[in-house]
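One structure below.
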């Protein structure tokens, strides 16, 4: 009789353990972020505090044109919030290759990759700019930096993104473009920390 009770107890414990593990797995799958996909308007990079994690930006649908890109252009959205979907144009999506969020409509410092970069297409000029060089990688930072500063995470992730692009595309610091226009989204904004940012770039 004792042996039967021990067997029953083991069975109950084993069944309970399997049930708990199954429930845990289901919860983890439900909470996990969706994998990067080339079908949506943008890919979002969450694990960007790991040094090597940004290299996924080169896993594009069309091969990265390393010998084509010669400049990096940085400007603000001149809006309080936004992401690739809300700041994109109805017909062509986001005008830029990358967008860095400020916590309003995105995670703070989140880097979103647009379909223009995924398909290695040229950027379009933002509001207030007449044109943009076809060999220019365009980065939009969400915020109105004529009124406020970028967040610390935005600046940290912007620096990592730009220096990675510099290294991969052989883009010198004098080809990182920051317009001083304070009237439109074509500029980086009055309060963008240009001096500190340029000091963090590769030569």
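In our numbering, the protein residues as written are 14 to 216. Every residue, glycine too, gets a C-beta built ideally from N, C-alpha and C.
{"Check": "Given residue 124 as reference, the closest of 154, 189, 208, 194 once Cα atoms are compared", "Outcome": "154"}
{"Check": "Rounded straight-line distance, which links the Cα of residue 120 to that of residue 88", "Outcome": "19 Å"}
{"Check": "Beta-carbon gap between residue 152 and residue 171 smaller than 8 Å", "Outcome": "yes"}
{"Check": "Residue 196 - DSSP class collapsed to helix/strand/coil", "Outcome": "coil"}
{"Check": "Check whether residue 95 and residue 129 have beta carbons under 8 Å apart", "Outcome": "no"}
{"Check": "3-residue-minimum beta strand (DSSP E) runs that sit fully inside the segment 73-133, ordered along the chain", "Outcome": "84-89, 111-115, 121-127"}
{"Check": "Residue range of the unbroken beta strand (DSSP E) whose run includes residue 151", "Outcome": "149-154"}
{"Check": "Paired residues, beta bridge with residue 162 - DSSP", "Outcome": "Beta-bridge pairing links residue 162 to no other residue."}
{"Check": "Residues near residue 162 in its chain [Cβ-Cβ closer than 6 Å; skip 5 each side]", "Outcome": "204"}
{"Check": "Among 168, 115, 114, 184, nearest to residue 7 - alpha-carbon criterion", "Outcome": "Because the chain spans 14 through 216 in this model, residue 7 falls outside it and cannot be assessed."}
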